[in-house]
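*Asks:*
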Amino acid sequence: MTRQEKKFSGSALEGKHHINLTVNGQLYELAIGTGAGKVNPSDTLSFTLRETLGLTGTKVSCDSGACGGCTVIMDGRAVLSCMLLSIECDEKEITTIEGLKNPKTGELDPLQQSFIDHTAFQCGFCTPGMIMSSKALLNDNPSPTEEEVKEALSGNFCRCISHYQIVRAVMAVSGKGK
Amino acid sequence: MKSVAENYRYIGKAMPRMDGQEIVTGKTAFLDDLKFHNLLIGKVLRSPHPHAMIKRIDTSKAEQLKGVKAIITHETAPDWKGGLPPIRLLDRKVRYVGDVVALIAAETERIADQAKRLINVEYEILPAVFDDYEAMKPGAIQLYDDLPGNILPLGSDEISGATWATEIVTGDVEKGFAEADAIIEGGFAYDNIPNPISIESPAAVALWEEPDKVTLWVSNHKVWNNKRLLSPIFGDKVQIRIIGGACGGSYGAKAMSWQVQCYAAALSKATGQPVKVIFSKEEQLGCFILRPATRLNAKVGMQKDGTVTAVAGSWLVGTGYYSRTTQIQIAVGCGEAMIAVRCNNWNVKPSIVCTNRNASGIVRGFGGQELKCALIPLLSLAMEKLSLDPFEVLKKNFVKPGDGYFWRNAAWYNYRGIDYSRAMDEGAKTFGWKEKWKGWLKPTAVEGTKHIGVGVGVHGNADVGEDMSEAYVRIDNDGRVVVISGLTEHGTGQRSNVVKAVAEVLQLPLEFISITPGDTLVTPVEWGPAGSRGTYAILGAAISAADDAKKKLFQLAAPMLGTDNFEDLETADGIIWLKSDPEKRIDWKKVLKFRTVIGHGRFDEDFSLSNCMMSFVELQVDTETGKIDLLRVVNATDVGKVIDPHGLEGQLNGCLGSAGIDSAIFEETILDPTTGCILNTNLIDYKWRTSAELPVIENVVLETPIDSHRFHALGIGEISTSPGPSAVLMAASNAIGQWLHEYPVTPERVLKTLGKSMEKKQGGSL
Ligand code: FES
Ligand code: FES
Numbered sequence: 062m063t064r065q066e067k068k069f070s071g072s073a074l075e076g077k078h079h080i081n082l083t084v085n086g087q088l089y090e091l092a093i094g095t096g097a098g099k100v101n102p103s104d105t106l107s108f109t110l111r112e113t114l115g116l117t118g119t120k121v122s123c124d125s126g127a128c129g130g131c132t133v134i135m136d137g138r139a140v141l142s143c144m145l146l147s148i149e150c151d152e153k154e155i156t157t158i159e160g161l162k163n164p165k166t167g168e169l170d171p172l173q174q175s176f177i178d179h180t181a182f183q184c185g186f187c188t189p190g191m192i193m194s195s196k197a198l199l200n201d202n203p204s205p206t207e208e209e210v211k212e213a214l215s216g217n218f219c220r221c222i223s224h225y226q227i228v229r230a231v232m233a234v235s236g237k238g239k
Numbered sequence: 030m031k032s033v034a035e036n037y038r039y040i041g042k043a044m045p046r047m048d049g050q051e052i053v054t055g056k057t058a059f060l061d062d063l064k065f066h067n068l069l070i071g072k073v074l075r076s077p078h079p080h081a082m083i084k085r086i087d088t089s090k091a092e093q094l095k096g097v098k099a100i101i102t103h104e105t106a107p108d109w110k111g112g113l114p115p116i117r118l119l120d121r122k123v124r125y126v127g128d129v130v131a132l133i134a135a136e137t138e139r140i141a142d143q144a145k146r147l148i149n150v151e152y153e154i155l156p157a158v159f160d161d162y163e164a165m166k167p168g169a170i171q172l173y174d175d176l177p178g179n180i181l182p183l184g185s186d187e188i189s190g191a192t193w194a195t196e197i198v199t200g201d202v203e204k205g206f207a208e209a210d211a212i213i214e215g216g217f218a219y220d221n222i223p224n225p226i227s228i229e230s231p232a233a234v235a236l237w238e239e240p241d242k243v244t245l246w247v248s249n250h251k252v253w254n255n256k257r258l259l260s261p262i263f264g265d266k267v268q269i270r271i272i273g274g275a276c277g278g279s280y281g282a283k284a285m286s287w288q289v290q291c292y293a294a295a296l297s298k299a300t301g302q303p304v305k306v307i308f309s310k311e312e313q314l315g316c317f318i319l320r321p322a323t324r325l326n327a328k329v330g331m332q333k334d335g336t337v338t339a340v341a342g343s344w345l346v347g348t349g350y351y352s353r354t355t356q357i358q359i360a361v362g363c364g365e366a367m368i369a370v371r372c373n374n375w376n377v378k379p380s381i382v383c384t385n386r387n388a389s390g391i392v393r394g395f396g397g398q399e400l401k402c403a404l405i406p407l408l409s410l411a412m413e414k415l416s417l418d419p420f421e422v423l424k425k426n427f428v429k430p431g432d433g434y435f436w437r438n439a440a441w442y443n444y445r446g447i448d449y450s451r452a453m454d455e456g457a458k459t460f461g462w463k464e465k466w467k468g469w470l471k472p473t474a475v476e477g478t479k480h481i482g483v484g485v486g487v488h489g490n491a492d493v494g495e496d497m498s499e500a501y502v503r504i505d506n507d508g509r510v511v512v513i514s515g516l517t518e519h520g521t522g523q524r525s526n527v528v529k530a531v532a533e534v535l536q537l538p539l540e541f542i543s544i545t546p547g548d549t550l551v552t553p554v555e556w557g558p559a560g561s562r563g564t565y566a567i568l569g570a571a572i573s574a575a576d577d578a579k580k581k582l583f584q585l586a587a588p589m590l591g592t593d594n595f596e597d598l599e600t601a602d603g604i605i606w607l608k609s610d611p612e613k614r615i616d617w618k619k620v621l622k623f624r625t626v627i628g629h630g631r632f633d634e635d636f637s638l639s640n641c642m643m644s645f646v647e648l649q650v651d652t653e654t655g656k657i658d659l660l661r662v663v664n665a666t667d668v669g670k671v672i673d674p675h676g677l678e679g680q681l682n683g684c685l686g687s688a689g690i691d692s693a694i695f696e697e698t699i700l701d702p703t704t705g706c707i708l709n710t711n712l713i714d715y716k717w718r719t720s721a722e723l724p725v726i727e728n729v730v731l732e733t734p735i736d737s738h739r740f741h742a743l744g745i746g747e748i749s750t751s752p753g754p755s756a757v758l759m760a761a762s763n764a765i766g767q768w769l770h771e772y773p774v775t776p777e778r779v780l781k782t783l784g785k786s787m788e789k790k791q792g793g794s795l
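If you read the protein sequences in the order shown, they are chains Z and D. Taking the working numbering, the leading residue of the first sequence gets 62, the next gets one more, and so forth. Taking the working numbering, the leading residue of the second sequence gets 30, the next gets one more, and so forth.
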């Protein structure tokens with residue numbers, strides 16, 4: 062299978078000609094079909110985000126649900142965008158790494174700032190996924206313990222071993238949500 | 030050498046990484062994030078057989094597929110060769126499961142994949158050999174017509190023409206053994222060929238402009254080295270430009286990206302369009318760089334006080350189907366053995382053997398980690414015989430000022446660095462070695478089936494001063510500075526450190542300094558980060574360039590300030606003044622008017638310094654399940670001067686990943702010995718450490734000034750993976766009270782050693 066192609070077996074969309082995705086607060090109406098700007102039924106969400114919408118902040122590494130690199134937040138929960146078909150995401154609300162900044166002030170999310178302050182990255186390729194997984198955790202549980210942070214990030218591959226600094230960065234904002 | 034702490038403005042301070050904002054907002058452009066007009070996607074059709082001749086290859090159906098732009102086979106490929114023995118980019122013979130059979134360029138990935146399925150290949154299947162010893166036997170299957178016994182020559186590589194050390198032979202080993210109180214003869218292997226697996230896959234984009242100009246966008250940390258490797262492949266006539274950007278991890282391996290780059294280049298040459306080739310994770314795990322396999326059979330002699338009197342034996346290195354750098358890795362590994370083991374009598378003879386598996390090559394630890402993982406266990410057997418504490422023996426035997434070693438170029442170097450004993454002592458104290466060490470094959474503690482054991486390992490590398498670096502520092506007439514450097518960022522934060530170093534020399538605010546992208550069209554030559562050379566070599570060149578620029582600025586400023594004594598000039602924040610009369614001052618902008626000054630700096634190789642890291646590990650073995658839990662790691666080092674505390678911590682914590690400590694616990698590439706297929710080519714079956722199972726890591730970092738450059742610092746990051754694996758083997762052996770001989774120490778191996786074989790169900794399904 063290719064990096065963008067996954068099996069489509071759903072039928073809920075039969076007869077539909079487009080999907081609606083809200084990404085980072087912006088509504089996209091995307092036609093289903095082949096060609097530029099359209100969503101092919103076999104396109105993954107990561108492909109649509111990166112290639113169709115140009116939001117390349119979401120990273121793809123394994124493209125098979127094993128590394129967490131492509132994590133985005135969908136309806137409040139962390140999901141692996143390489144494992145979802147875009148057409149399954151009709152009417153969903155998605156936040157990517159590009160959507161964490163305060164759109165009005167341009168200010169970074171405190172979690173992003175904390176990643177900078179703790180240098181919670183080395184090569185930085187896993188960082189968007191790490192931040193999105195952490196963000197989903199904090200949304201759900203604003204004061205996680207260190208163990209909870211480690212558990213929440215256990216699906217995120219980081220080969221540089223930045224975990225220690227990442228956990229510290231997340232813990233620095235833990236509790237601030239309360 | 031200065032011993033008083035300098036008061037630095039930036040050096041040693043924890044500061045945000047220059048690229049931090051972009052990284053956390055997803056703006057950092059990795060290779061796959063770049064946009065190109067008319068971009069085609071390149072794919073590789075790979076062999077399902079470990080050894081075969083391509084009898085016939087039919088691409089006609091695939092070519093008819095709409096959107097397919099080019100298909101290249103061994104019949105149509107340019108005659109580009111690389112490696113040892115020199116292999117064609119596409120050959121009629123395939124030599125491992127995954128070897129390249131055809132290259133496809135198409136408008137989309139989907140079409141390229143479809144085309145792959147439409148190519149018809151008829152193979153003449155040949156018998157294959159996967160075991161390093163089998164491959165050397167008389168009558169073994171030959172991978173190459175002109176490589177009898179599948180044995181590769183030592184001592185040179187095909188590109189540099191340099192001579193590499195081929196062995197460690199010095200003194201008189203017979204005399205050494207005669208002086209020994211204990212002699213041990215045996216073998217250890219570190220042959221589980223782990224994969225460093227950068228999260229970003231190997232990739233390249235190429236644009237070939239006829240007749241002979243090629244631009245490559247690469248995802249690695251060595252743009253100039255890429256150019257140097259590709260030049261002899263493409264031929265002198267071809268003008269090569271390499272553009273580097275953010276690199277999503279390499280750990281050495283991506284320095285060996287010549288094949289993926291050539292695939293993209295060949296497809297672009299064939300189509301006239303830019304072509305992107307990105308390996309899938311499956312390709313990265315099955316067809317990209319593995320650690321070399323090591324088997325050491327040797328005899329060591331040791332005296333009661335821990336003096337090593339002789340080391341003699343053979344070091345067999347399995348490199349897979351070809352080698353690009355194994356010769357150099359052996360040369361470095363030999364030197365690193367001499368650095369870690371002060372011994373007057375050596376006779377260690379390496380050899381390199383080819384088999385029908387994917388190639389080994391550069392991985393952090395570069396030859397030395399491999400040899401050390403076998404040599405330290407062997408020395409441990411001698412220590413056990415003499416009831417010696419391994420910490421004391423390893424400390425005693427690490428290179429000291431006044432000692433020397435043969436380095437990779439076979440030349441002798443007198444070591445002029447520091448004594449690392451103090452760092453080792455501090456590490457032992459932090460770890461609690463004295464309390465935890467109970468003697469050989471004795472657990473530190475036992476609670477039911479849980480046995481705790483401790484171990485220690487050491488590593489040092491004189492490649493901290495390898496090869497060449499150059500940089501320009503340009504001071505513009507607006508008072509801002511541009512560092513012109515071929516350095517790309519691959520995770521160490523070294524680009525930020527270069528800016529810091531230049532800011533320190535020129536006493537400028539950081540935001541006044543920028544650094545060019547690593548682009549060979551623009552920058553002077555830069556070997557790039559490797560062997561922890563960044564701190565000494567790369568910063569060294571940048572510091573000299575900044576000094577040179579400052580000198581030139583002062584030459585212009587001096588007459589304006591009415592002096593000819595440059596010594597009397599001082600500068601900070603874009604102002605120059607007279608030390609003797611600080612009222613006399615002038616703004617850089619006034620000095621420069623419509624002028625820029627450019628300073629040049631160069632670093633030339635120096636192998637007379639070595640870094641050092643000692644790792645202590647504490648782990649728990651469950652004697653019922655065989656499972657090992659790593660509880661605690663203490664890394665001890667002395668870096669002269671910390672440049673960037675956060676970056677340093679990240680690099681030292683990296684001891685676990687990228688085929689490091691975990692290669693002794695669960696990381697391995699599993700090659701099916703009957704089919705030659707790698708069985709774990711995905712990130713589920715290839716085990717990696719998750720955040721849920723992090724041991725405690727403590728890093729003990731001393732700062733004894735080292736005679737490197739003006740900041741007295743030496744790099745360390747590359748070797749952080751290296752001392753740990755042998756320490757794990759030692760700790761696990763101590764925990765269970767029996768010697769373990771193989772990496773990784775899987776539950777099966779623990780139980781087998783304990784005489785409890787894993788329950789095997791017969792005839793059941795999986
Ligand atoms: S890229 Fe989606 S989980 Fe790895
Ligand atoms: S920072 Fe490199 S993989 Fe996490």
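We put the CB at the ideal spot given by N, CA and C, even for glycine.
Are there any heavy atoms of ligand 1 lying less than 7 Å away from the beta-carbon of CYS219 of chain Z, as far as the coordinates show?
*Replies:* Within the first sequence, numbered from 1, the residue matching residue 219 of chain Z stands at position 158. Because no heavy atom of ligand 1 lies under 7 Å away, the Cβ of CYS219 of chain Z does not count as near it: no.
*Asks:* Does PRO303 of chain D have its Cβ less than 8 Å from a Cβ in chain Z?
*Replies:* What you label residue 303 of chain D is simply residue 274 of the second sequence in a count that begins at 1. No, PRO303 of chain D lies away from the interface with chain Z (no Cβ there is under 8 Å from its Cβ).
*Asks:* Run through DSSP, which three-state label would MET165 of chain D get?
*Replies:* Looking up residue 165 of chain D in the second sequence gives position 136. Note: MET165 of chain D maps to helix in three-state DSSP.
*Asks:* Can you list the residues of chain D that GLU212 of chain Z reaches, using a CB-CB cut of under 7 Å?
*Replies:* Indexing the first sequence from 1 puts residue 212 of chain Z at position 151. Residues of chain D passing the Cβ test: ALA721.
*Asks:* In chain D, what lies closer than 8 Å to PRO102 of chain Z by C-beta?
*Replies:* On the first sequence, residue 102 of chain Z is found 41 positions in, with the first residue counted as 1. Correct list: empty, because the minimum Cβ distance to chain D is about 12 Å.
*Asks:* Could you confirm whether any beta carbon from chain Z is found closer than 8 Å to the beta carbon of ASN682 of chain D?
*Replies:* The residue given as residue 682 of chain D occupies position 653 in the second sequence. So, interface residue.
*Asks:* For a quick check, are the C-beta atoms of GLN358 of chain D and SER185 of chain D less than 8 Å apart?
*Replies:* As a first step, residue 358 of chain D is located in the second sequence; it is residue number 329 there, counting from the start. As a first step, residue 185 of chain D is located in the second sequence; it is residue number 156 there, counting from the start. Cβ atoms of GLN358 of chain D and SER185 of chain D: not closer than 8 Å.
*Asks:* I need the straight-line Cα distance from GLU796 of chain D to ALA760 of chain D, nearest angstrom please.
*Replies:* Missing from the structure shown is residue 796 of chain D; chain D here goes from 30 to 795 and no further.
*Asks:* Along the chain, where does the beta strand (DSSP E) that runs through GLN649 of chain D open and close?
*Replies:* Here residue 649 of chain D refers to the residue found at position 620 when the second sequence is read from its first residue. Per DSSP, GLN649 of chain D belongs to the beta strand (DSSP E) from 642–651.
*Asks:* With a threshold of 8 Å, are at least 3 pairs of Cβ atoms found where one atom belongs to the stretch 60–71 of chain D and the other to the stretch 243–262 of chain D?
*Replies:* These segments touch.
*Asks:* Keeping to the same chain, check which residues put their C-beta closer than 8 Å to that of GLU678 of chain D; ignore five residues upstream and five downstream.
*Replies:* Taking the first residue of the second sequence as 1, we reach residue 678 of chain D at position 649. Contacts found: ASN728.
*Asks:* Along the chain, where does the beta strand (DSSP E) containing ASP499 of chain D start, and where does it finish?
*Replies:* The sequence position of residue 499 of chain D within the second sequence is 470, counting from 1. At residue 499 of chain D the sequence reads Glu, which differs from the Asp that was named. Note, GLU499 of chain D: beta strand (DSSP E), 498–504.
*Asks:* Just to check, is the beta-carbon of GLU140 of chain Z closer than 7 Å to a non-hydrogen atom of ligand 1?
*Replies:* Within the first sequence, the letter at position 79 stands for residue 140 of chain Z. The sequence shown places Val at residue 140 of chain Z, rather than the Glu named in the question. For ligand 1, not one heavy atom lies less than 7 Å from the Cβ of VAL140 of chain Z.
*Asks:* Identify whether VAL234 of chain Z lies in helix, strand or coil by the three-state DSSP scheme.
*Replies:* To locate residue 234 of chain Z, count along the first sequence from 1; it is residue 173. Helix.
*Asks:* Roughly how many angstroms separate the alpha carbons of GLU51 of chain D and THR57 of chain D, rounded to a whole number?
*Replies:* Here residue 51 of chain D corresponds to residue number 22 of the second sequence, with the count starting at 1. Here residue 57 of chain D corresponds to residue number 28 of the second sequence, with the count starting at 1. For GLU51 of chain D and THR57 of chain D, the distance between alpha carbons rounds to 5 Å.
*Asks:* Select from D:VAL370, D:GLY315, D:GLY522 and D:LEU568 the residue whose C-alpha is nearest the C-alpha of CYS641 of chain D.
*Replies:* Against the second sequence, residue 641 of chain D aligns to sequence position 612. Of D:VAL370, D:GLY315, D:GLY522 and D:LEU568, the residue nearest in Cα terms is D:VAL370.
*Asks:* Mind checking the stretch 120–142 of chain Z against chain D and listing, in chain order, the residues whose C-beta falls within less than 9 Å of any C-beta there?
*Replies:* Flagged, chain order: LYS120, VAL121, SER122, CYS123, ASP124, SER125, GLY126, ALA127, CYS128 and GLY130.
*Asks:* In chain order, what residues place their C-beta within less than 6 Å of a heavy atom belonging to ligand 1?
*Replies:* In chain order, the hits are Z:VAL121, Z:SER122, Z:CYS123, Z:ASP124, Z:GLY126, Z:ALA127, Z:CYS128, Z:GLY129, Z:GLY130, Z:CYS131, Z:LEU141 and Z:CYS143.
*Asks:* With contact counted as at least three CB pairs below 8 Å, one residue from each stretch, are the stretch 734–748 of chain D and the stretch 463–470 of chain D in contact?
*Replies:* No, they do not touch.
*Asks:* Taking the C-alpha atoms as reference points, what is the distance between ALA294 of chain D and LYS378 of chain D?
*Replies:* The residue given as residue 294 of chain D occupies position 265 in the second sequence. The residue given as residue 378 of chain D occupies position 349 in the second sequence. Using only the alpha carbons, I get a separation of about 39 Å.
*Asks:* Please report the straight-line C-alpha distance between ASP577 of chain D and ASP241 of chain D, rounded to a whole angstrom.
*Replies:* Residue numbering aside, residue 577 of chain D sits at position 548 when the second sequence is read from its first letter. Residue numbering aside, residue 241 of chain D sits at position 212 when the second sequence is read from its first letter. Roughly 37 Å between the two C-alpha positions.
*Asks:* Count the other C-beta atoms from every protein chain shown that fall within 10 angstroms of the C-beta of ASN443 of chain D, then say buried if there are 16 or more, exposed otherwise.
*Replies:* Taking the first residue of the second sequence as position 1, residue 443 of chain D is located at position 414. Exposed: under 16 other Cβ atoms inside 10 Å.
*Asks:* Please check the pair THR384 of chain D and GLY330 of chain D, which I expect to be a contact at CB under 8 Å, by giving their CB distance rounded to whole angstroms.
*Replies:* Position 355 of the second sequence, counted from the first residue, corresponds to residue 384 of chain D. Position 301 of the second sequence, counted from the first residue, corresponds to residue 330 of chain D. Between GLY330 of chain D and THR384 of chain D the Cβ distance is about 33 Å, and since that is not below 8 Å, they are no contact.
*Asks:* Once DSSP output is grouped into helix, strand and coil, what is the label at SER223 of chain Z?
*Replies:* Within the first sequence, the letter at position 162 stands for residue 223 of chain Z. Coil at SER223 of chain Z, not helix or strand.
*Asks:* Any beta-carbon of chain D closer than 8 Å to the one on ARG229 of chain Z?
*Replies:* Residue 229 of chain Z sits at position 168 when you count from the first residue of the first sequence. By this cut-off, ARG229 of chain Z is not an interface position.
*Asks:* Helix, strand or coil: which one does DSSP assign to LYS42 of chain D?
*Replies:* Numbered from 1 along the second sequence, position 13 holds the residue referred to as residue 42 of chain D. The answer is coil: DSSP assigns LYS42 of chain D none of H, G, I, E or B.
*Asks:* Residues in its own chain within less than 8 Å of ASP620 of chain D by CB, not counting five upstream and five downstream?
*Replies:* In the second sequence, residue 620 of chain D corresponds to position 591, counting from 1. Reading the sequence as shown, one finds Val at residue 620 of chain D and not Asp. If we look at VAL620 of chain D and ignore the five residues flanking it on each side, its Cβ neighbours are LEU582, LEU585, ALA586, MET589 and ILE605.
*Asks:* Strictly below 8 Å CB to CB, what residues from chain Z border TRP717 of chain D?
*Replies:* Counting from one through the second sequence, the residue named residue 717 of chain D turns up at place 688. Residues of chain Z passing the Cβ test: PHE218 and ARG220.
*Asks:* Could you tell me if the beta carbon of PHE182 of chain Z falls within a distance shorter than 7 Å of some heavy atom in ligand 2?
*Replies:* For this step, residue 182 of chain Z is matched to residue 121 along the first sequence. It does: the Cβ of PHE182 of chain Z is within 7 Å (strictly closer) of some heavy atom of ligand 2.
*Asks:* Under 7 Å: does the beta carbon of THR199 of chain D sit that close to some heavy atom of ligand 2?
*Replies:* Working through the second sequence from its first residue, we reach residue 199 of chain D at position 170. Incorrect: THR199 of chain D has no Cβ contact closer than 7 Å to ligand 2.
*Asks:* So which residues on chain Z does GLY49 of chain D lean against when the C-beta distance must stay under 8 Å?
*Replies:* Translated into positions along the second sequence, residue 49 of chain D becomes position 20. Per Cβ cutoff of 8 Å: PHE176, ILE177, THR180 and PHE182.
*Asks:* Under the rule that 16 or more other beta-carbon atoms within 10 Å means buried, what is ASP108 of chain D, buried or exposed?
*Replies:* The residue you call residue 108 of chain D lines up with position 79 of the second sequence. Exposed, since its Cβ has fewer than 16 Cβ neighbours within 10 Å.
*Asks:* How is the beta strand (DSSP E) around CYS383 of chain D delimited, first residue to last?
*Replies:* Along the second sequence, read from residue 1 onward, the residue named residue 383 of chain D stands at position 354. Looking at the DSSP string, the run of the beta strand (DSSP E) that includes CYS383 of chain D is 375–383.
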